[in-house]
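**Student:** Encoded as structure tokens, here's the structure I'll be asking about.
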Ligand code: AMP
Ligand code: MG
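See below:
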């Protein structure tokens, strides 16, 4: 039966449709102390050179290289230069300045001799080896004042936050967090503070999705789970669409007659695509509910997680003009045959190990899409492409977890 929207498409096509249906967050200025995982929305420009002045990368003596070419050499110590020294020493031929890591290089000096290579007797230092013009950190060699450090779309990591501070940048213009409603559906779902009757389970997907939303630098709003009832679901979707930027549901999106997310979207929403050729996680749906983008993720816990990483994360990244730099990849050689399906993208849970300098992947835990323990203990997910066969010895992409 043909559908009025793309149906059962490749992951690439699905991601492409997501890229065409982004929303653009507003912009705000925040201190770098709050910038972890946030996405920069303007050029970030260095306010200073780094280093700001030539300085030493070792504890030792600042010397003139040409004085040191025929060791041993005796030089007169004429001063000292510590990190934070407010003054600049000067040396002439035959002189040395005691210098600490970060201390400004005296005018006239061009080399540092590490302390380990020297003997000191009062104000005379004997150099036992010739120097090389080493251990001098040159002004501006890391970055220059006015240099653009980052552009729009850069995701802030601890290292990049430190770089901002080194560059004198205290505040950043970033995209505001998208507010993302997370709604789990299912009669069987119970909260963590409830006891379980027969047939019931703890609702877990929303917690993983909430954490993923935070990893992508946005703001999750986790709803209490919703029973399988179309009117209650509608009320929740209406509330979420009115108050938040995007909706992520879990469960109820497959082909069954109690899969109300799919049913209500078919009847009252706008579907941009439904079902993807991926394993696990083939049921997802993407569209909009009263103008608000909505992702219907599968209920199976591994599937919901994998679909977030493979799809929702890509959409969130393109909303902030980023490549998906949150996903980290490596390549590994398959240590065993992995079950794949023609034309599908296959995400299996693997552990990684080194063998004779090569990185290998082997399946980790039970591969059922209901087994959250397997993915929680894995190092990564294979991303075996539709044109690969998943045979032992094949090199494939791994999404690191
Ligand atoms: P569904 O997609 O609604 O057919 O659910 C598929 C499977 O995932 C069923 O075994 C559900 O019990 C389970 N499931 C659905 N939603 C959740 C959830 N929020 N947390 C944990 N398991 C879930
Ligand atoms: Mg269900």
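In the working numbering, the protein residues as written are 32 to 432. Note that CB positions come from ideal geometry on N, CA and C, so glycine has one too. Fair warning: this is a prediction, and the values are worked out from it, not measured in the lab.
1) Considering only heavy atoms of ligand 2, does any lie closer than 8 Å to the CB of residue 219?
2) Work out the CA separation of residue 251 and residue 242 for me, nearest whole Å.
3) Could you say if the stretch 299 to 309 and the stretch 34 to 46 meet the contact criterion of at least three C-beta pairs nearer than 8 Å?
4) Would you tell me roughly how many angstroms separate the C-alpha atoms of residue 174 and residue 81, rounded to the nearest one?
5) In three-state terms, what does DSSP make of residue 43?
6) Could you please give me the residues that DSSP links to residue 310 through a beta bridge?
7) What's the C-alpha gap between residue 234 and residue 343?
8) Please specify which runs of the beta strand (DSSP E), each continuous and at least 3 residues long, are wholly inside the stretch 50 to 126, giving them in chain order.
9) How long is the line joining the alpha carbons of residue 45 and residue 76, rounded to whole angstroms?
10) State yes or no: is the C-beta of residue 216 nearer than 8 Å to some heavy atom of ligand 2?
11) Starting from residue 337 and walking both ways along the beta strand (DSSP E), at which residues does that stretch end?
12) Is the stretch 220 to 236 touching the stretch 173 to 192 in the sense that three or more CB pairs, one from each, lie closer than 8 Å?
13) Grab the span of the alpha helix (DSSP H) containing residue 162 for me, first residue to last.
14) Who are the near neighbours of residue 402 in its chain, counting only those whose CB is closer than 7 Å to its CB and skipping five residues on each side?
15) Are the Cβ atoms of residue 110 and residue 148 separated by less than 9 Å?
16) Taking the straight line between their C-alpha atoms, what separation do you get for residue 283 and residue 48?
17) Whose C-beta lies closer than 6 Å to the C-beta of residue 350 among residues of the same chain, with five residues either side of it excluded?
18) If we call anything under 9 Å between Cβ atoms a contact, is residue 112 one with residue 145?
19) Using the three-state DSSP reduction, which class does residue 36 fall into: helix, strand or coil?
20) Can the beta-carbon of residue 383 be found less than 9 Å from the beta-carbon of residue 429?
21) My output table needs one value for residue 209: the three-state DSSP class, helix, strand or coil.
22) I'd like to confirm something about residue 289: is its beta-carbon nearer than 8 Å to some heavy atom of ligand 2, or not?
23) Rounding to the nearest angstrom, what Cα-Cα distance links residue 172 and residue 353 in this structure?
24) Please find out if some non-hydrogen atom of ligand 2 comes closer than 8 Å to the beta-carbon of residue 330.
25) Going by DSSP, what residue range makes up the alpha helix (DSSP H) through residue 190?
26) Roughly how far, in whole angstroms, is the beta-carbon of residue 219 from the beta-carbon of residue 232, given that I think they are within contact range, below 8 Å?
27) Between the alpha carbons of residue 312 and residue 221, how many angstroms are there, rounded?
28) If you measure from the CB of residue 447, is any heavy atom of ligand 1 nearer than 8 Å?
**Tutor:** Reading from the atomic positions:
1) The residue labelled residue 219 in the question sits at position 188 within the chain shown. Yes, the Cβ of residue 219 comes within 8 Å of a heavy atom of ligand 2.
2) By 1-based counting over the chain shown, the position of residue 242 is 211. By 1-based counting over the chain shown, the position of residue 251 is 220. Those two C-alpha atoms are separated by around 8 Å.
3) Of all C-beta pairs linking the stretch 299 to 309 to the stretch 34 to 46, three or more are shorter than 8 Å, placing the two stretches in contact.
4) Position 143 of the chain shown, counting from 1, holds the residue named residue 174. Position 50 of the chain shown, counting from 1, holds the residue named residue 81. Their backbone Cα atoms lie some 5 Å apart in a straight line.
5) Your numbering for residue 43 matches position 12 in the chain shown. Helix, per DSSP.
6) Against the chain shown, residue 310 aligns to sequence position 279. In the DSSP output, where bridge partners are listed per residue, residue 310 has 377.
7) Here residue 234 is taken as the residue at index 203 of the chain shown, counted from 1. Here residue 343 is taken as the residue at index 312 of the chain shown, counted from 1. Rounded to whole angstroms, residue 234 to residue 343 spans 20 Å at the Cα level.
8) 58 to 62, 91 to 94, 104 to 112
9) As a first step, residue 45 is located in the chain shown; it is residue number 14 there, counting from the start. As a first step, residue 76 is located in the chain shown; it is residue number 45 there, counting from the start. Taken atom to atom, the span from the alpha-carbon of residue 45 to that of residue 76 is near 36 Å.
10) Start at 1 with the first residue of the chain shown, and residue 216 comes out as number 185. Yes, since a heavy atom of ligand 2 falls inside the 8 Å radius drawn around the Cβ of residue 216.
11) Taking the first residue of the chain shown as 1, we reach residue 337 at position 306. Residue 337 -> not in any beta strand (DSSP E); alpha helix (DSSP H) instead, spanning 332 to 338.
12) no
13) As a first step, residue 162 must be located in the chain shown, where it is residue number 131. From DSSP, residue 162 is part of no alpha helix (DSSP H); its letter is neither H nor E.
14) By one-based count along the chain shown, residue 402 stands at place 371. The residues are 333, 396.
15) If you number the chain shown from 1, residue 110 lands on position 79. If you number the chain shown from 1, residue 148 lands on position 117. Result no, Cβ atoms of residue 110 and residue 148 do not sit closer than 9 Å.
16) For this step, residue 283 is matched to residue 252 along the chain shown. For this step, residue 48 is matched to residue 17 along the chain shown. For residue 283 and residue 48, the distance between alpha carbons rounds to 22 Å.
17) The sequence position of residue 350 within the chain shown is 319, counting from 1. Closer than 6 Å at Cβ, skipping near neighbours: 53, 54.
18) Your numbering for residue 112 matches position 81 in the chain shown. Your numbering for residue 145 matches position 114 in the chain shown. It is not a contact, given that the beta carbons lie outside the stated cut-off.
19) Translated into positions along the chain shown, residue 36 becomes position 5. Reduced to three states, the DSSP call for residue 36 is coil.
20) The residue labelled residue 383 in the question sits at position 352 within the chain shown. The residue labelled residue 429 in the question sits at position 398 within the chain shown. Taking 9 Å as the Cβ cut-off, residue 383 and residue 429 qualify as a contacting pair.
21) Against the chain shown, residue 209 aligns to sequence position 178. In the structure shown, residue 209 sits in coil (DSSP, three-state: anything other than H, G, I, E or B).
22) On the chain shown, position 258 is the one that residue 289 refers to. Under cutoff, so the answer is yes.
23) By 1-based counting over the chain shown, the position of residue 172 is 141. By 1-based counting over the chain shown, the position of residue 353 is 322. Rounded to the nearest whole angstrom, the CA to CA distance from residue 172 to residue 353 is 28 Å.
24) Here residue 330 refers to the residue found at position 299 of the chain shown. Yes, the Cβ of residue 330 comes within 8 Å of a heavy atom of ligand 2.
25) Here residue 190 corresponds to residue number 159 of the chain shown, with the count starting at 1. Per DSSP, the continuous alpha helix (DSSP H) segment holding residue 190 begins and ends at 189 to 197.
26) Here residue 219 corresponds to residue number 188 of the chain shown, with the count starting at 1. Here residue 232 corresponds to residue number 201 of the chain shown, with the count starting at 1. Sure, about 6 Å apart at Cβ, within 8 Å.
27) In the chain shown, residue 312 corresponds to position 281, counting from 1. In the chain shown, residue 221 corresponds to position 190, counting from 1. One alpha carbon belongs to residue 312, the other to residue 221, and they sit about 23 Å apart.
28) The shown model of the chain, from 32 to 432, leaves out residue 447, and the question about it has no answer.
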